[in-house]
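Just below is one structure, and these are the notes that go with it.
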Amino acid sequence: MTRDLHEDPGAFGGLPEAPVYDGARFAVLPIPYDGTSTWQKGADKGPTALLAASANMELYDIETDSEPWRAGIVTMAAQDGFGSPEAMVESVRAEAAALIADGRMVVGLGGEHSVSIGLIQAHAARWPGLTVLQFDAHGDSRDQYEGSKCNHACVMARAAECAEYVAVGIRSMDVAERAKLVPGRTIFAHEIEDLAVTAQRILERIEGPVYITIDLDVLDPSEMPSTGTPEPGGLTYRQLRDLLRVVCRERKVVGFDVVELMPRPEDRAPDFLAARLVYQLMAYVLKSDR
5 MTRDLHEDPG
15 AFGGLPEAPV
25 YDGARFAVLP
35 IPYDGTSTWQ
45 KGADKGPTAL
55 LAASANMELY
65 DIETDSEPWR
75 AGIVTMAAQD
85 GFGSPEAMVE
95 SVRAEAAALI
105 ADGRMVVGLG
115 GEHSVSIGLI
125 QAHAARWPGL
135 TVLQFDAHGD
145 SRDQYEGSKC
155 NHACVMARAA
165 ECAEYVAVGI
175 RSMDVAERAK
185 LVPGRTIFAH
195 EIEDLAVTAQ
205 RILERIEGPV
215 YITIDLDVLD
225 PSEMPSTGTP
235 EPGGLTYRQL
245 RDLLRVVCRE
255 RKVVGFDVVE
265 LMPRPEDRAP
275 DFLAARLVYQ
285 LMAYVLKSDR
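Residue numbers for the sequence shown, in our numbering: 5 to 294.
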């Protein structure tokens with residue numbers, strides 16, 4: 005199948021232009037959308053900043069002793085030109101579904117967190133029994149916000165309509181969200197001390213395939229200041245990485261996204277962190293392919 009590939013120097017990892025689509029393991033889908041953000045704007049610039057930073061990574065991963073790029077990574081043309089949030093969700097869902105049907109593992113790059121709705125819907129349609137593993141500072145489980153059910157504050161409410169879920173790192177939510185919590189499915193940031201215990205709690209709630217959505221504000225602002233709504237008391241990069249390693253090893257990961265990077269010209273380190281996180285997840289997935 006011939007698809008529209010992103011063939012400029014912004015391709016993930018600085019890989020050569022015009023990569024081979026057929027046979028590639030990963031399809032990176034940039035979604036530069038920031039239409040429902042309610043405080044700081046700029047997440048629509050996140051995919052470009054992440055891709056630019058990724059061109060400066062070493063493509064050999066020390067931890068897994070592997071070169072994930074050899075499995076094939078194609079970067080699709082950026083999803084853009086959306087109208088309403090609902091139109092964005094449907095466009096992303098359709099593109100992700102086509103990539104999944106072609107046998108690619110979709111790697112979504114946001115953009116604000118609402119971009120994950122269509123990605124989750126596409127994966128839930130392909131994998132019955134899907135669990136969404138959410139790493140986030142915020143609950144994002146309002147039924148609607150500012151007149152839309154596809155607002156960035158409603159991501160997990162939409163996810164719960166088509167999949168099970170586990171939320172990790174939460175430290176900010178509305179009282180109405182707290183009232184709707186399903187016992188055992190939310191691990192608050194203040195509860196995370198022993199990572200082995202936390203990992204076991206996550207695994208106990210995941211039986212089948214898993215889709216991972218990572219809002220970068222799950223990380224502490226001391227490590228990830230470049231996000232729209234930073235919250236103190238977050239995870240460290242190493243804690244997040246260690247939890248992801250266990251999940252990828254013990255469960256079948258079928259897709260993932262990294263969202264809410266709001267780049268700042270004066271500080272590119274967070275862009276690099278986000279790019280490295282994406283590549284690290286690719287390495288873990290390949291190491292644990294099942």
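The beta-carbon is built from N, C-alpha and C at its ideal position, and this holds for glycine as well.
Keep in mind the model is a prediction, meaning the values are calculated, not measured.
Review point. How is A171 classed by DSSP in three states: helix, strand or coil?
Key: Your numbering for residue 171 matches position 167 in the sequence shown. Correct three-state label for A171: strand.
**Study point:** Cβ shell of P51 (< 6 Å), same chain only, five flanking positions each side left out
**Key:** Against the sequence shown, residue 51 aligns to sequence position 47. Cβ within range, chain order: P34, P36, L113.
Practice item. Using a threshold of 7 Å, state whether the C-beta atoms of A127 and Y215 are closer than that. Key: Here residue 127 is taken as the residue at index 123 of the sequence shown, counted from 1. Here residue 215 is taken as the residue at index 211 of the sequence shown, counted from 1. One point to set straight first is that residue 127 is His, not Ala, in the sequence displayed. Cβ distance < 7 Å, so H127 and Y215 count as in contact.
**Study point:** Any alpha helix (DSSP H) of 4 or more consecutive residues that is wholly inside the region 82-167
**Key:** 89-105, 119-130, 159-163
Point to revise | Opening and closing residue of the alpha helix (DSSP H) in which Y241 lies | key: Locating residue 241 in the sequence shown gives position 237, counting from the first residue. Looking at the DSSP string, the run of the alpha helix (DSSP H) that includes Y241 is 241-254.
**Study point:** Every unbroken alpha helix (DSSP H) within the region 268-292, with a cutoff of 4 residues, ordered by chain
**Key:** 273-291
Practice item. Apply the 10 Å Cβ neighbour rule to R242 and answer buried if 16 or more other Cβ atoms are within range, or exposed otherwise. Key: Reading the sequence shown from its first residue, position 238 is the one you call residue 242. R242 is exposed by the Cβ-count criterion.
Exercise for review: From the DSSP output, read off the bridge partner residues of F192.
Suggested key: The count along the sequence shown starts at 1 and reaches residue 192 at position 188. Note: F192 sits in a beta bridge opposite I174.
Point to revise | Where E208 falls, given that 16 or more other Cβ within 10 Å makes a residue buried | key: If you number the sequence shown from 1, residue 208 lands on position 204. Per the 10 Å Cβ criterion, exposed.
Review point. Counting along the chain, where does the beta strand (DSSP E) carrying P2 start and finish?
Key: Residue 2 lies beyond the stretch modelled for the chain, which goes from 5 to 294, so this question has no answer here.
Practice item. Take W131 as the anchor and find which of A59, H156, K256 has the nearest alpha-carbon. Key: Position 127 of the sequence shown, counted from the first residue, corresponds to residue 131. Taking only the C-alpha atoms, the option nearest W131 is K256.
Exercise for review: Express the C-alpha separation of L223 and T240 in angstroms, rounding to a whole number.
Suggested key: As a working mapping, residue 240 is identified with position 236 in the sequence shown. As a working mapping, residue 223 is identified with position 219 in the sequence shown. For T240 and L223, the distance between alpha carbons rounds to 6 Å.
Exercise for review: Compare the Cα-Cα distances from E197 to each of D178, T217, G237, V170 and report the closest residue.
Suggested key: Here residue 197 corresponds to residue number 193 of the sequence shown, with the count starting at 1. Considering only alpha carbons, the answer is G237.
Review point. Hey, is the region 106-120 in contact with the region 251-269, meaning 3+ C-beta pairs nearer than 8 Å?
Key: yes
Practice item. Answer with buried or exposed for P20, where buried requires no fewer than 16 other C-beta atoms within 10 angstroms of its C-beta. Key: Reading the sequence shown from its first residue, position 16 is the one you call residue 20. The residue is exposed, with fewer than 16 neighbouring Cβ atoms inside 10 Å.
Review point. Which one or two residues does DSSP pair with L33 in a beta bridge?
Key: As a first step, residue 33 is located in the sequence shown; it is residue number 29 there, counting from the start. In DSSP, L33 forms a bridge with G112.
Review point. For Q284, which option in W73, G85, A15 has the closest C-alpha, if you only look at C-alpha atoms?
Key: Numbered from 1 along the sequence shown, position 280 holds the residue referred to as residue 284. The shortest Cα separation from Q284 among W73, G85, A15 belongs to W73.
Exercise for review: From the DSSP output, in three-state form, read off G14 for me.
Suggested key: The residue labelled residue 14 in the question sits at position 10 within the sequence shown. Residue state, collapsed to three classes: coil.
Review point. What's the gap between the Cα of L54 and the Cα of H142?
Key: As a working mapping, residue 54 is identified with position 50 in the sequence shown. As a working mapping, residue 142 is identified with position 138 in the sequence shown. Those two C-alpha atoms are separated by around 22 Å.
Review point. So, helix, strand or coil for T217, using DSSP?
Key: Within the sequence shown, numbered from 1, the residue matching residue 217 stands at position 213. Looking at T217 - three-state DSSP - the assignment turns out to be strand.
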